[in-house]
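2 protein chains.
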Amino acid sequence: MSDTDYMQMAIEQAQAAAQQGEVPVGAVLVGPNGEVLARAQNQMRRQNDPTAHAEIVAIREACAKLGNSRLIDCDLYVTLEPCPMCAGAIAHARLRRLYYGAGDSKGGAVDNGVALFAQSTCHHAPEVIGGLREGACADLLTDFFALRRNEPS
Amino acid sequence: MSDTDYMQMAIEQAQAAAQQGEVPVGAVLVGPNGEVLARAQNQMRRQNDPTAHAEIVAIREACAKLGNSRLIDCDLYVTLEPCPMCAGAIAHARLRRLYYGAGDSKGGAVDNGVALFAQSTCHHAPEVIGGLREGACADLLTDFFALRRNEPS
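Below you can see the structure in the form of structure tokens.
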């Protein structure tokens, strides 16, 4: 499978989240041999868990599957640029590569905000490929919030 | 109970973590009326979970208890200055106050490193009281790593 195939899976996770009224962000965690270790979606509201961003859910699931707190040679695909919490978790998990779709000028912490991986205090920085299927990933959020604005309150 | 009492509880959690071979960090989450909602310790290794820092475990447990992803008017006591992941989670959870013991010049993200809560992109910043029982909290880590260095390898 190609990088865009994995991102398509993440987009489908985000779409499923939107249908549940969650901010649509999806993630896929891929192992060293290209195997999908986890598919996950934002589930903060459903779980009443402020840490249940798609990236955190995917990392926890993949670690449980591998029986290891480090995801060596594993890659994460996520539809939105990770926030500080998720960027920190990505560093702790020692992920090899991060592919993200849409940039997030407000909440992002990779190429925006605190640019965590570029800081001297960051103990592990993955290779970062931003903007993969950027348009489709950004549309997920634009459409979601446009729909909510038009809902009767 | 006083602030130092809550921090003592967090210290006891850290001590219990050390006995299990975990980097000793403990946390206590206190509700609006002073009730203890969660006591938690770092359990990254035992759980094979890079997100299982004491703060994250405490936040998740308190949110589950309250059935809410926001911990309005709640305070967190933690023995070590939170890392970027945990500082991000604290912001997401909308905690009122953060009390921490020892500063962390390498891994901290509150008064060190990216100083997350001081950034314009940070959507919620708790009141921060650092250095509460600083000596005892720092000793936990110093003693733990000194012991490990002296172990036969």
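Chains A and B, in that order, give the protein sequences. Using my numbering, read the first sequence as starting at -19 and increasing by one per residue. Using my numbering, read the second sequence as starting at -19 and increasing by one per residue. In this text, a Cβ means the ideal position worked out from N, Cα and C, and glycines have one as well.
Own chain, CB closer than 6 Å to Tyr57 of chain B, minus 5 neighbours either side, in chain order: Tyr(-14), Met(-13), Ala(-10), Val8 and Tyr79
Contacts of Asn28 of chain B in chain A (Cβ-Cβ under 7 Å): Cys43, Ala44, Gly47, Asn48 and Ser49
Environment of Met(-19) of chain A [buried if 16+ CB atoms lie within 10 Å]: exposed
Sufficient close CB pairs (3 or more, under 8 Å) joining the region 61 to 72 of chain B to the region 87 to 98 of chain B: yes
Neighbourhood of Asp91 of chain A by C-beta distance below 8 Å, restricted to the same chain and skipping five residues each side: Excluding residues within five positions, the ones whose Cβ falls inside 8 Å are Glu61, Gly83, Val108 and Gly110.
Contact between the region 43 to 51 of chain B and the region 24 to 36 of chain A (3+ Cβ pairs under 8 Å): yes
CB contact check: Gly68 of chain B to chain A, cutoff 8 Å: yes
Where Asp55 of chain A falls: helix, strand or coil (DSSP): strand
Euclidean distance between Cα positions of Val37 of chain B and Asn48 of chain B: 15 Å
Beta carbon of Gly87 of chain A nearer than 8 Å to that of Cys63 of chain A: yes
Ala136 of chain A - DSSP class collapsed to helix/strand/coil: Chain A is shown from -19 up to 133; residue 136 of chain A falls before or after that span and cannot be answered.
Contact set for Ile52 of chain B: own chain, Cβ-Cβ below 8 Å, skip 5 residues either direction: Pro12, Arg74 and Arg76
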